[in-house]
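Everything in the sequence shown is counted per numbering that gives the first Met the number 0, starting at 0 for the first residue and increasing by one.
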Amino acid sequence: MPTLHFPKGFLWGAATSSHQVEGNNHNDWSEWEKANASRLAHEAKSVFGSVPGWQERFGAEAADPKNYISGAAADHWNRYEEDFDILKELHLNAYRFSIEWSRIEPEEGRWDENAIAHYRKMLEALRTRGIEPIITLWHWTNPVWVETAYGGWENPAVGEKFLRFAERIVSEYRDLAHYWAVFNEPNTFVGLGYITAIRPPARKSIWRARQAIKTFQLTYKKTYALIHSLQPESKVILSHWLALTRPLPDTWIHRCLIPLIDYLRNWQFFKGLENFCDIIGVQFYRIDYVKASFRWGAWGPFELTQLGKWQNDMGWDLEPAALEQLLRRVFDRFKKPIIITENGLADRDDINRAEFISKTAMAIHAAISHGVPVRGYFHWSLLDNFEWSEGYWPRFGFVHIDRATQKRTIRPSALAYAKICETNALEMEGSL
Ligand code: BGC
């Protein structure tokens with residue numbers, strides 16, 4: 000059976016974010032959860048009820064308001080040593096995580112030295128185990144004062160506040176980290192926060208969405224320059240949700256829409272930032288199909304939908320082979336090295352994850368063979384975590400977390416991934 004080898008030094012990692020795993024954060028999200036848990040529990044069935052088997056498998060959990068309160072999460076804040084031992088045991092050589100701004104600067108201008116020291120210990124614990132960190136500086140959550148005093152990212156002043164935070168963090172940890180993902184998927188944040196407005200700050204307004212995008216773009220550029228001034232050899236990553244959209248049915252009218260949807264979802268945010276990143280961070284989860292709709296929604300008389308051939312527990316269409324096409328498109332457009340900073344699936348019973356990962360590895364290998372400089376892959380996620388407005392029922396982790404005891408149990412698919420990480424290769428036998 001053939002073996003696919005990956006370039007020397009390839010980063011094989013997993014990713015998490017602070018609010019989703021640390022536990023007991025106090026930020027704009029934890030406030031929003033309290034105000035919205037009952038509503039989300041009530042609405043879950045209307046959103047996911049049509050996914051085959053969903054009601055029997057997740058209906059009861061999703062109907063419970065407690066599911067939507069992040070609470071102790073995976074208690075990663077206290078159990079990071081144990082979690083990093085798992086990374087090591089699984090032969091991962093990289094880990095992407097985020098620093099929680101609300102812990103570092105809980106009140107405007109007051110830096111929490113204990114929290115700063117804590118993240119240093121985490122970074123040291125990674126280094127001791129030979130694991131390369133990628134630090135995300137912002138993964139969707141804000142200190143409460145960012146919202147109450149400034150009204151969130153639509154206000155350019157928040158960008159300036161963020162820059163001070165970034166300066167502090169990069170100055171603190173530049174001896175331990177070299178890869179910096181500035182913002183996690185600002186496009187998703189703006190889409191869900193201002194266009195569909197189903198997540199914080201939940202303010203439906205195209206004008207506000209534009210303002211927020213502008214603040215992110217400007218702040219991103221300034222942060223890029225700041226990081227390079229503090230650490231010239233740094234690698235700054237622009238992490239972006241990238242989706243592939245297909246026409247349904249495959250008619251000219253649907254085909255005509257694809258470039259517009261592509262632009263709005265995938266490329267719009269990059270405008271003017273092409274020269275301000277060292278690495279493009281590709282975050283790829285699913286394929287969407289555009290079709291005509293009877294209801295007027297976020298896409299006017301069209302809607303984005305799923306086919307349902309091979310799906311994750313949330314009803315997202317999985318097509319790992321399509322990652323090759325996406326990577327080639329991103330490289331053709333930007334001519335920059337790429338790291339897949341997120342990719343994964345909600346798969347509580349671990350039925351599809353191993354197959355998904357080997358097909359994904361094949362797609363990455365195929366892209367590399369066509370000259371695309373892919374430098375690493377970060378599976379989402381290391382741990383079962385708090386999946387934002389869906390709460391805890393979707394389980395993305397290599398590691399199952401018992402919510403009552405916090406006991407960690409490694410899922411079998413993680414062992415399949417460990418084999419790839421250990422050998423820096425994919426054995427094709429049994430992988431199809
Ligand atoms: C986000 C993660 C999230 C994942 C799965 C990504 O867009 O960055 O925070 O958990 O998707 O939905």
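Just so it is clear, CB atoms sit at the ideal spot from N, CA and C, and this is done for glycine as well. These figures come from a predicted structure and were not determined experimentally.
Cα-Cα, which of I68, A417, R95 and I226 is closest to W31? Numbered from its first residue, the sequence shown carries residue 31 at position 32. Comparing Cα-Cα distances from W31 to each of I68, A417, R95 and I226, the minimum goes to I68.
At a threshold of 8 angstroms, does W139 count as lining ligand 1 (C-beta to nearest heavy atom)? As a working mapping, residue 139 is identified with position 140 in the sequence shown. Correct: W139 has its Cβ closer than 8 angstroms to ligand 1.
For A124 and Y94, what's the separation of their Cα atoms in angstroms? Reading the sequence shown from its first residue, position 125 is the one you call residue 124. Reading the sequence shown from its first residue, position 95 is the one you call residue 94. Approximately 11 angstroms between the Cα atoms of the pair.
Could you tell me the distance, in whole angstroms, from the CA atom of V398 to the CA atom of I409? Here residue 398 refers to the residue found at position 399 of the sequence shown. Here residue 409 refers to the residue found at position 410 of the sequence shown. If you take the alpha carbons of V398 and I409, they lie about 4 angstroms apart.
CB-CB under 7 angstroms to F355, same chain, minus the five flanking residues each way: which ones, in chain order? In the sequence shown, counting from the first residue as 1, residue 355 sits at position 356. L317, P319 and L344.
Hey, is Y376 close to ligand 1, as in C-beta under 8 angstroms from one of its heavy atoms? The residue labelled residue 376 in the question sits at position 377 within the sequence shown. No, the beta carbon of Y376 sits no closer than 8 angstroms to any heavy atom of ligand 1.
As an exercise, report each continuous beta strand (DSSP E) stretch of at least 3 residues that is fully enclosed by the segment 157–203, in chain order. 178–183
Contained alpha helix (DSSP H) runs [length at least 4] in the segment 343–426, N- to C-terminal order: 352–368 and 411–422
If contacts are defined as beta-carbon pairs under 8 angstroms, then Y288 and N342 qualify, I think. What distance do you get, rounded to the angstrom? As a position in the sequence shown, residue 288 is number 289, starting the count at 1. As a position in the sequence shown, residue 342 is number 343, starting the count at 1. About 20 angstroms separates the two Cβ atoms, so there is no contact after all.
Decide if the segment 36–52 is in contact with the segment 368–381; the criterion is three or more beta carbon pairs, one per stretch, under 8 angstroms apart. no
Thinking C-beta only, is D261 closer than 9 angstroms to I449? Here the chain has residues from 0 to 431 only, and residue 449 is not among them.
Could you tell me if W76 is buried or exposed, where buried requires 16 or more neighbouring beta carbons within 10 angstroms of its beta carbon? Counting from 1 along the sequence shown, the entry for residue 76 is found at position 77. Buried.
Is G52 near E131, with beta carbons less than 9 angstroms apart? In the sequence shown, the residue the question calls residue 52 occupies position 53. In the sequence shown, the residue the question calls residue 131 occupies position 132. Not closer than 9 angstroms, so no.
With distance defined between alpha-carbon atoms, name the residue in H25, W179, F215 and L243 nearest to I279. For the purposes of this step, residue 279 is taken as the residue at position 280 of the sequence shown. When only C-alpha atoms are compared, the closest one is W179.
Suppose contacts are defined by Cβ-Cβ distances below 9 angstroms. Is Y219 in contact with V169 by that definition? Numbered from 1 along the sequence shown, position 220 holds the residue referred to as residue 219. Numbered from 1 along the sequence shown, position 170 holds the residue referred to as residue 169. Their beta carbons are not under 9 angstroms apart, which means Y219 does not touch V169 by this criterion.
With a threshold of 8 angstroms, establish whether the CB of A94 neighbours any heavy atom of ligand 1. For the purposes of this step, residue 94 is taken as residue 95 along the sequence shown, with counting starting at 1. Note that residue 94 is Tyr in the sequence shown here, rather than Ala. Answer for Y94: no, Cβ out of range of ligand 1.
P246 - partner residues in DSSP beta bridges: As a working mapping, residue 246 is identified with position 247 in the sequence shown. Its beta-bridge partners are V289.
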